[in-house]
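Notes follow the structure.
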Amino acid sequence: MDSSEVLKEGFLVKKGHVRHNWRTRWFVLTKKQLSYFRKRQESVAAGVIPLCGATLTCPSPDSTKKPWLLQIKTHDRKEFMIQAPDERCRTEWSTPIEECIRRLDPTKIGTVESLSRTLTETSLNTLEMQREMVKAMQDPGAGVKLVEFGPKRGRAATKYFTGKDAIEWLISWSFANDRTSGATLATEMLRNGFFHTVNLDPITNSLALSKDGILSRDVMDSEEAKYVFVSMTSTNPNAVFQSDDDSSSDSEDDILATSSRPESLAAETGFDSDGKVLKQGFLLKKGKVLKEWKPRRFVLREKSLYLYFYRGSKSKKHRGAIPLCGLTIYELDNEIREPETDQQLVSEGGSKRQSARNSRNKVNRILLITATGERVVVEATSAEERSAWIGELRVAVASLDITSS
C-alpha cells in the first residue's frame, strides 16, 4: 500500500465475525476503504471495509457494554464493531472515516466510474453549518423523527427519516422559511454526502441503498422518500445534547457572556425563563478573537433583558447573553467589508472592495452593538430570515426602552 494514500493508521480492537471475540488489529484508512492487519508489519490485509455507501455510528457508552465503539455498516449490510481506547481516539478516527464516506457516491457502486462524489459548491463555513444541522437533527429530544424498520440483523441501516419530516424539521428550527427552501437545503445536504437515500428491498424486507440516481440526488417532500444519516452519534436519551467540543469558540463566547451579564446571570446554568419564546433559530456567529464563524442557537424571549445563544439544539447552558437595553441593530450590506466604526457603517460612501484576507461572501449579516460598545456580528441563512430577526429584535429593544422610560 502506497504510504501517500494513508490518511490515518493505528491500533484498534475489532470484534470477530465468527467467534465474536475482540482482538487488537492494525488499521489503515485510505480514501475508499478501512483495512485491518493482524500485525503492523504485515503487507497483506486480514480484511477490508469498503466505505462507499457505508454508515458510521458511534454508540453511547451508556447503551453498550464496551465504551468508545465505532460501528460501520457497509453497503451490503456487513457490520463491523471497532473499539477505541478512549473518546478522543474514537473522534480522531470517526472524523476522517465520516469524511471519506461523505465524499464517496453510493450510486456509482458496481460501475466503472470513479466513486468520488461531485459535491456542491459550498463554502467551508456553510459546510460546517450543515454538519451542525445534522448533529441537531440527531438529537433524541429535539431532532428529526427517526423510524426503526425491519429486523435488526444484517442491515445497512436500522433507522431512517422521511423527506417530509426532514423538511418540516428544517422549517421548525428556522433553517428554512418554507417547504421549497427546505427541500433545496435538504437536497444540498444530501448531495454533500450527509445522507444516503434508501428504499425497501422487497426480497429481504429491509432497507437498502437506492440505485435511483434522481432519488439519490434530490430530497423529496414525501413520506415515501426515506433517508439515513451517513454518520450518527447516538447519545443517552437522558443526556443533554452538545455539539463538538470547541474550546476556541467557547472561550470567545465567554468573553461576551461574562462581561455583559450581572453575576447572577453568569452563574445561571438552566434555560432563561423570562417569558415565552418570540423567536429562535440558528445563526452563524463571528468569534471576537479568532474571527471564526460558528453556528449558535439564538433565543429571544418575551420581556427578556437578554438575547441568549447556545451551542446545540437542546443545550441548557447558554454560552452567552447579549443585553437588549440600548442595543443598536444594523443590517450590513451584502458583499462589503464590515465597517471599522459606526460612522463608517451608516455612511453611503463605504468601500465596496472585499478584503483579500477574508474573501468569504458577506451576505445576510447583522451587526449588533451593545450600550457598552461591544460588537457582535451574526449571519442568517437568508435575507428573509435576517429581516425577521431584525424586526423581532427592534420590537424587543423598543419595548424595553419604553418600559425603562
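For the sequence shown, the numbering used here assigns the number 396 to the last residue and increments by one with no breaks.
Note that beta-carbon positions come from the ideal geometry of N, C-alpha and C, so glycine has one too.
Neighbourhood of residue i by C-beta distance below 7 Å, restricted to the same chain and skipping five residues each side
i      : result
Gly1   : Phe18
Ala174 : Ile158, Val210 and Asp212
Gly261 : Any reading at Gly261 needs caution, since the residue's pLDDT is 36, under 50, leaving its predicted position unreliable; the model's value is listed next. Here the set comprises Lys307.
Asp77  : Trp59
Ala199 : Ala147, Val189, Asn190 and Asp192
Gly266 : Arg292, Glu293, Lys294 and Ser295
Gly7   : Arg14
Span of the alpha helix (DSSP H) around residue i
i      : result
Glu70  : Taken as a continuous stretch (DSSP letters only), Glu70 belongs to no alpha helix (DSSP H), being part of the beta strand (DSSP E) at Glu70 to Gln74.
Met128 : Leu115 to Met128
Arg14  : Careful: Arg14 lies outside any alpha helix (DSSP H), inside the beta strand (DSSP E) at Trp13 to Leu20.
Leu176 : Arg170 to Arg182
Contact check, residue i vs residue j, beta carbons under 8 Å
i      : j      : result
Leu110 : Arg182 : yes
His92  : Ser222 : His is not the amino acid found at residue 92; the sequence shown has Ile there. Yes, the pair counts as a contact, with Cβ atoms nearer than the cut-off.
Ala371 : Ile357 : yes
Leu443 : Leu384 : Nothing can be reported for residue 443: it is not among the residues displayed for the chain, which extend from -8 to 396.
Gln62  : Pro50  : yes
Ser107 : Leu118 : no
Lys64  : Thr46  : yes
Gly154 : Pro97  : no
Leu318 : Val268 : no
Lys150 : Glu139 : yes
Lys276 : Arg287 : yes
Asn313 : Val386 : It is Ile, not Asn, that sits at residue 313 in the sequence shown. No, they are not a contact pair.
Ala75  : Leu3   : yes
Met128 : Val135 : yes
Leu296 : Cys316 : yes
Trp164 : Gly272 : yes
Trp284 : Asn12  : no
Lys270 : Trp380 : yes
Own chain partners of residue i with C-beta closer than 8 Å, once the 5 adjacent residues on each side are dropped
i       : result
Asn168  : Ile162, Ser373, Glu375 and Glu376
Lys99   : Cys43, Ser105 and Leu106
Leu(-2) : Leu20, Thr21, Lys22, Pro87 and Cys91
Gly38   : Ser26 and Tyr27
Asp236  : Reliability of the predicted coordinates at Asp236 is poor, the pLDDT of 32 falling under 50, and the value obtained from them is presented with this limitation in mind. Counting only Cβ-Cβ distances below 8 Å, and skipping sequence neighbours, we find nothing.
Close Cβ partners of residue i (< 6 Å) along its chain, the five nearest in sequence each way excluded
i      : result
Phe186 : Tyr218
Asp209 : Thr178
Leu247 : Its pLDDT being 44, under 50, Leu247 is placed unreliably in this model, and the value from its coordinates should be taken loosely. Result list for Leu247: Gly311, in chain order.
Ile70  : A small correction: the amino acid at residue 70 is Glu; Ile does not occupy that position in the sequence shown. Contacts found: Lys64.
Lys57  : Gln74
Asp156 : Val135 and Lys136
Ser338 : A caution first: Ser338 carries a pLDDT of 45, below 50, which makes its placement in the model too unreliable to give a value.
Beta-ladder partner(s) of residue i, from DSSP
i      : result
Ile313 : Leu298
Gln62  : Thr48 and Met72
Gly192 : Strictly speaking, residue 192 in this sequence is Asp, with Gly absent from that position. Answer is Ser197.
His8   : DSSP lists no partner for His8.
Met223 : Thr48
Ser107 : Leu95
Val290 : Gln271 and Tyr299
Phe166 : None, per the DSSP bridge assignment.
Pro41  : Gln24
Val35  : Val35 pairs with nothing; no bridge assigned.
Glu0   : Val19
Lys285 : Lys276
Host beta strand (DSSP E) of residue i (start-end)
i      : result
Lys277 : Val268 to Lys277
Thr319 : Thr319 to Glu322
Ile360 : Arg356 to Ile360
Ile370 : This sequence places Glu at residue 370; Ile is not what is there. Glu370 -> beta strand (DSSP E) spans Arg366 to Glu370.
Thr153 : Lys150 to Thr153
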